[in-house]
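Protein chains in written order, with the UniProt record's numbering: chain Z, 1 to 195; chain U, 1 to 195.
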């Protein structure tokens with residue numbers, strides 16, 4: 001069976017031209033779908049989704065094992081509503097507890113618990129052994145993938161990409177190119193290829 | 001604001017090592033999310049999702065503007081249940097009609113209608129003008145992205161990737177490496193990073 005994605009490119013070129021970009025976008029979305037499936041497959045054994053795992057990991061990375069929910073969402077580059085639902089689940093599993101900020105009671109912190117820390121360690125060991133879901137690619141390939149990704153994210157003004165800075169508290173902007181927040185928000189919300 | 005993905009890599013390296021693959025996978029998933037957001041943003045103006053657009057496009061590419069639902073699912077690399085729901089929507093919009101196969105009445109075909117063909121032409125013109133959602137990348141970059149994608153898909157035994165062949169009708173297998181169907185299926189079903 002020939003690769004349906006390659007086949008699609010030929011049709012596209014015959015009909016409209018632009019088959020290269022059409023193939024690249026379809027390949028990329030396919031790879032991310034497979035990668036996600038592999039990661040989710042590993043994490044499911046620990047009762048985690050990738051989003052929950054990423055949130056937990058981030059908390060264990062932070063100096064005091066806790067972060068304000070707003071900061072957590074910023075670093076995960078997800079919508080506040082998603083942070084809430086992820087943290088709800090993690091609290092339910094007792095991997096995370098909600099605690100008030102020591103000086104500003106209006107700020108709610110998510111703090112990772114001992115069992116949350118343990119599950120991150122166990123899941124991460126398996127994720128690392130599985131090379132984060134990758135196969136068939138060398139370290140150089142991964143560096144190339146990162147460089148292309150960063151170039152794309154810069155060009156579309158993604159949050160935190162090299163050439164941009166969005167800091168709500170200071171209003172300071174970096175590189176000078178404006179970040180199209182509506183576009184970023186749309187990308188955050190549109191997380192799945194729904195039917 | 002530094003890139004949260006870059007920052008995560010440093011933490012990962014300090015804690016466990018393996019930061020390269022961790023960054024690459026997070027970058028890739030982020031890019032695919034942004035790309036999908038851009039494509040969905042364009043297609044929403046036409047009342048289409050990417051999945052519906054891809055199905056419609058594929059039908060217009062086929063010689064008789066029709067395909068059996070099973071074939072449609074195979075070429076789109078999606079689950080039969082997803083094909084059904086996509087075709088249901090397209091029928092509702094009158095972009096597609098369901099017709100019985102001329103010789104085998106058990107086989108149902110999806111056939112693109114005149115208005116379905118028109119919407120594909122209009123949407124594709126915009127998609128092409130937007131370089132299929134890409135920005136900041138040269139044609140060489142896109143070829144690199146494709147090559148890396150194909151190498152990954154080969155390594156994990158994705159359907160239709162260079163080194164594999166899965167053809168239910170003949171039972172012939174290509175490259176010799178077994179396709180892990182359960183893994184492919186899992187990737188198909190797991191389409192979103194759910195909370």
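Yeah, the Cβ is synthetic: ideal placement off N, Cα and C, and Gly gets one too. No experiment lies behind these values; they were computed from the predicted model shown.
Would you mind listing the alpha helix (DSSP H) stretches within the UniProt domain "HTH marR-type" (21 to 154) of chain U that are 4+ residues and don't spill past its ends, in chain order?
50 to 61, 69 to 76, 80 to 92 and 114 to 129
- Query: Under a CB-based cut-off of 8 Å, is residue 79/U close to chain Z?
  - Reply: Counting from one through the second chain, the residue named residue 79/U turns up at place 79. By this cut-off, residue 79/U is not an interface position.
Alpha helix (DSSP H) containing residue 13/Z: first to last residue? Counting from 1 along the first chain, the entry for residue 13/Z is found at position 13. Per DSSP, residue 13/Z belongs to the alpha helix (DSSP H) from 4 to 15.
Less than 7 Å between C-beta atoms, sequence neighbours within five positions excluded: which residues of the same chain meet that for residue 86/Z?
For the purposes of this step, residue 86/Z is taken as residue 86 along the first chain, with counting starting at 1. Taken in chain order, the residues that qualify are 51, 52 and 55.
| How about residue 27/U: is its C-beta nearer than 8 Å to some C-beta of chain Z? | In the second chain, counting from the first residue as 1, residue 27/U sits at position 27. Chain Z contact via Cβ: present.
Pull up the CB-CB distance for residue 125/Z and residue 142/U, whole angstroms please, since I reckon it's below 8 Å.
Looking up residue 125/Z in the first chain gives position 125. Looking up residue 142/U in the second chain gives position 142. Not a contact, Cβ separation roughly 36 Å.
Margin query: Just verifying my parser: in three-state terms, what is the DSSP assignment at residue 160/U?
Written below: Here residue 160/U is taken as the residue at index 160 of the second chain, counted from 1. Correct three-state label for residue 160/U: coil.
Next item on the list: Compare the C-beta of residue 4/U with all C-beta atoms of chain Z and state if any pair is closer than 8 Å.
Entry: The residue given as residue 4/U occupies position 4 in the second chain. Interface residue, yes.
**Report entry** Other residues of its chain near residue 16/U: CB distance less than 8 Å, five sequence neighbours each side excluded
**Finding:** Here residue 16/U refers to the residue found at position 16 when the second chain is read from its first residue. For residue 16/U, where only same-chain residues beyond five positions count, there are no Cβ hits under 8 Å.
- Is residue 19/Z helix, strand or coil by DSSP? Numbered from its first residue, the first chain carries residue 19/Z at position 19. It is helical.
Report task. Using the Cα positions of residue 111/U and residue 31/Z, report the straight-line distance between them to the nearest angstrom. Result -> Taking the second chain and counting its residues from 1, one reaches residue 111/U at position 111. Taking the first chain and counting its residues from 1, one reaches residue 31/Z at position 31. Computed Cα separation, rounded: 29 Å.
_I'd like to check one pair, residue 8/U with residue 22/U: are the Cβ atoms closer than 8 Å?_
For the purposes of this step, residue 22/U is taken as residue 22 along the second chain, with counting starting at 1. For the purposes of this step, residue 8/U is taken as residue 8 along the second chain, with counting starting at 1. Cβ distance < 8 Å, so residue 22/U and residue 8/U count as in contact.
Could you tell me which chain A residues have their CB closer than 8 Å to the CB of residue 73/Z, listed as they occur along the chain? Looking at the structure shown, chain A is missing, and the protein chains on hand are Z and U.
Residue of 121/Z, 130/Z and 98/Z minimising C-alpha distance to residue 109/Z | Counting from 1 along the first chain, the entry for residue 109/Z is found at position 109. Ranking 121/Z, 130/Z and 98/Z by Cα distance to residue 109/Z puts 98/Z first.
* residue 170/Z at chain U interface by Cβ criterion, 8 Å -> Numbered from its first residue, the first chain carries residue 170/Z at position 170. Note on residue 170/Z: pLDDT 31, under 50, position unreliable in the model; no value is reported.
- Task: On a CA-only basis, which of 151/Z, 27/Z, 122/Z and 35/Z is nearest residue 135/Z? Give me that one, please.
- Result: As a first step, residue 135/Z is located in the first chain; it is residue number 135 there, counting from the start. If we check each option's Cα against that of residue 135/Z, 35/Z comes out closest.
Q) With distances taken between CB atoms, is the gap from residue 49/U to residue 40/U smaller than 8 Å? A) Residue mapping note: residue 49/U aligns to position 49 of the second chain, counting from 1. Residue mapping note: residue 40/U aligns to position 40 of the second chain, counting from 1. In this structure, residue 40/U lies closer than 8 Å to residue 49/U by Cβ.
- Query: Who are the near neighbours of residue 60/U in its chain, counting only those whose CB is closer than 6 Å to its CB and skipping five residues on each side?
  - Reply: What you label residue 60/U is simply residue 60 of the second chain in a count that begins at 1. Correct list, in chain order: 112, 117 and 120.
| query | Which residues of chain U have a Cβ atom closer than 9 Å to the Cβ of residue 13/Z, listed in chain order? | reply | Residue numbering aside, residue 13/Z sits at position 13 when the first chain is read from its first letter. Going along chain U, no residue has its Cβ under 9 Å from residue 13/Z, so there is no contact; the nearest lies around 11 Å.
Whole-number beta carbon distance between residue 4/Z and residue 75/U, since they are thought to touch under 8 Å
Within the second chain, residue 75/U is the residue found at index 75, counting from 1. Within the first chain, residue 4/Z is the residue found at index 4, counting from 1. Indeed they touch by this definition, with Cβ atoms about 5 Å apart.
Exercise. Can you name the residues of chain U whose CB is closer than 8 Å to the CB of residue 141/Z?
Worked result: Taking the first residue of the first chain as position 1, residue 141/Z is located at position 141. The contacting residues are 148 and 151.
**Prompt:** Any Cβ of chain Z within less than 8 Å of the Cβ of residue 122/U?
**Reply:** Position 122 of the second chain, counting from 1, holds the residue named residue 122/U. It does not; no Cβ of chain Z falls within 8 Å.
C-beta atoms of residue 77/U and residue 159/U nearer than 8 Å
Along the second chain, one-based indexing puts residue 77/U at 77. Along the second chain, one-based indexing puts residue 159/U at 159. Yes, the Cβ-Cβ distance between residue 77/U and residue 159/U is below 8 Å.
On the premise that residue 94/Z lies in contact with residue 115/Z, defined as a C-beta separation below 8 Å, what is that separation, rounded to the nearest angstrom? Numbered from its first residue, the first chain carries residue 115/Z at position 115. Numbered from its first residue, the first chain carries residue 94/Z at position 94. Right, their Cβ atoms sit about 6 Å apart.
(Q) Does any residue of chain Z have a CB that is nearer than 8 Å to the CB of residue 103/U? (A) In the second chain, counting from the first residue as 1, residue 103/U sits at position 103. Chain Z, which has no Cβ nearer than 8 Å to the Cβ of residue 103/U, makes this no.
Report the rounded CA-to-CA distance for residue 106/Z versus residue 81/U, giving the unit in angstroms. For this step, residue 106/Z is matched to residue 106 along the first chain. For this step, residue 81/U is matched to residue 81 along the second chain. Near 46 Å, if we compare the C-alpha coordinates of residue 81/U and residue 106/Z.
- Rounded to a whole number of angstroms, what is the C-alpha to C-alpha distance between residue 149/Z and residue 28/U? Within the first chain, residue 149/Z is the residue found at index 149, counting from 1. Within the second chain, residue 28/U is the residue found at index 28, counting from 1. Answer to the nearest angstrom: the Cα atoms are 7 Å apart.
Roughly how many angstroms lie between the CA atoms of residue 43/Z and residue 132/Z, to the nearest whole one? As a first step, residue 43/Z must be located in the first chain, where it is residue number 43. As a first step, residue 132/Z must be located in the first chain, where it is residue number 132. Computed Cα separation, rounded: 11 Å.
Residue 191/U versus residue 38/Z - alpha carbon distance: Translated into positions along the second chain, residue 191/U becomes position 191. Translated into positions along the first chain, residue 38/Z becomes position 38. Only weak support is given to the placement of residue 191/U: the predicted model assigns it a pLDDT of 39, under 50, and the value that follows is read from those uncertain coordinates. Those two C-alpha atoms are separated by around 12 Å.
Distance cutoff 8 Å, beta carbons only. Does residue 42/U sit that close to anything in chain Z? Looking up residue 42/U in the second chain gives position 42. Not an interface residue.
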